[in-house]
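Comments concern the structure below.
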C-alpha cells in the first residue's frame, strides 16, 4: 500500500497515508499528534494530514486536499490543515520528482540535533550507499513559514533532512521511500548513541567512504 503506483487514485492514496501514519506511530517515529504526511495528487494538488490529530489514529476521511498555493479544496468540517503545510508545499515546488513527504519526530535522530551533533553518515556503509549525507537545517519556529525557509536550500539535493530540534523530513516517489529513509536515519542514530555509551565510535575511513560514495553514484542514486 505504501508503494503506490503512478496511477493510484485518491482513495488509494488516502489509505496509504493512514497506513504510513500507523506504522510511524507504532514504531515511535511519531508521538502524540506530532508530525505530518502528504502525497501529491497531481501537478497542483496534494493530500495532507490535518492539524491536531494523532497520525496513528486517523481515518482516510480526515485528510485534506490542498493546492500548491495553500488553498483548501476538500476538508472535513472539524478539520484544519497542518500548520506545517508550507514546508510540504515547498518540497513539491522544488522537487517535481517527489510524490510523498513525511515529517516525523524520531527520538534518536532528533536527539542528535538537540545535542548539537551532525548526522553520523560515516558509521554504517548502507547509509553512505543509500542516503549519503543527511544535513541538519537551521532552527525554525514550528508551525511557521520558517520551516519552508530552512528546507529550501537543502531539499533539492537531499531526500532526507534533520530539522534542528524538530525531527526529520524525508521525501520520495512514494511513502515507502519516505519510510525507508526515516527508519534508516533513526536506526543509525540509535546505533551511534549505543556505540557512544560503550565508549567508542568507529568511523568508516575516508578512503572507504570515497569508494562507497562512488558506488552510490553508480548503482544506488536515483
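Numbering (my numbering), first residue to last: 1 to 222.
Even glycine gets a Cβ: it sits at the ideal position worked out from N, Cα and C.
Given the structure is predicted, the values throughout are model-derived calculations rather than measurements.
I need the straight-line Cα distance from residue i to residue j, nearest angstrom please.
{"i": "residue 185", "j": "residue 32", "result": "21 Å"}
{"i": "residue 109", "j": "residue 38", "result": "21 Å"}
{"i": "residue 137", "j": "residue 164", "result": "6 Å"}
{"i": "residue 44", "j": "residue 198", "result": "50 Å"}
{"i": "residue 140", "j": "residue 95", "result": "21 Å"}
{"i": "residue 188", "j": "residue 123", "result": "8 Å"}
{"i": "residue 111", "j": "residue 190", "result": "10 Å"}
{"i": "residue 6", "j": "residue 196", "result": "43 Å"}
{"i": "residue 143", "j": "residue 54", "result": "16 Å"}
{"i": "residue 168", "j": "residue 15", "result": "22 Å"}
{"i": "residue 29", "j": "residue 166", "result": "12 Å"}
Take residue i and list the residues in its own chain whose beta-carbon comes closer than 7 Å to its own, dropping the five residues that flank it on each side.
{"i": "residue 129", "result": "212, 215, 216, 220"}
{"i": "residue 92", "result": "40, 46, 68, 98"}
{"i": "residue 3", "result": "174, 176"}
{"i": "residue 81", "result": "48, 50, 51, 64, 66, 72"}
{"i": "residue 76", "result": "61, 62"}
Sort out for me which residues DSSP pairs residue i with in a bridge.
{"i": "residue 66", "result": "46, 72"}
{"i": "residue 103", "result": "36, 169"}
Can you tell me whether DSSP reads residue i as helix, strand or coil?
{"i": "residue 21", "result": "helix"}
{"i": "residue 162", "result": "strand"}
{"i": "residue 40", "result": "strand"}
{"i": "residue 5", "result": "coil"}
{"i": "residue 142", "result": "coil"}
{"i": "residue 81", "result": "strand"}
{"i": "residue 30", "result": "coil"}
{"i": "residue 149", "result": "helix"}
{"i": "residue 14", "result": "helix"}
{"i": "residue 93", "result": "helix"}
{"i": "residue 155", "result": "helix"}
{"i": "residue 204", "result": "coil"}
{"i": "residue 177", "result": "helix"}
{"i": "residue 182", "result": "helix"}
Under 8 Å from any heavy atom of the ligand ADP, does the C-beta of residue i make it?
{"i": "residue 164", "result": "The ligand ADP is absent from the structure shown, which contains no ligands of any kind."}
Return the chain-ordered list of same chain residues with a C-beta closer than 8 Å to the C-beta of residue i, the five sequence neighbours on each side being excluded.
{"i": "residue 133", "result": "119, 121, 158"}
{"i": "residue 179", "result": "2, 20, 23, 24, 102, 170"}
Once you ignore the five residues that flank residue i on each side, which residues in its own chain have a CB closer than 6 Å to its CB?
{"i": "residue 89", "result": "68"}
From the beta carbon of residue i, is the nearest beta carbon of chain B less than 9 Å away?
{"i": "residue 64", "result": "This model lacks chain B altogether; it includes just one protein chain."}
task = Please specify which runs of the alpha helix (DSSP H), each continuous and at least 4 residues long, are wholly inside the region 110-135, giving them in chain order.
result = Whole alpha helix (DSSP H) segments, 4+ residues: 125-130.
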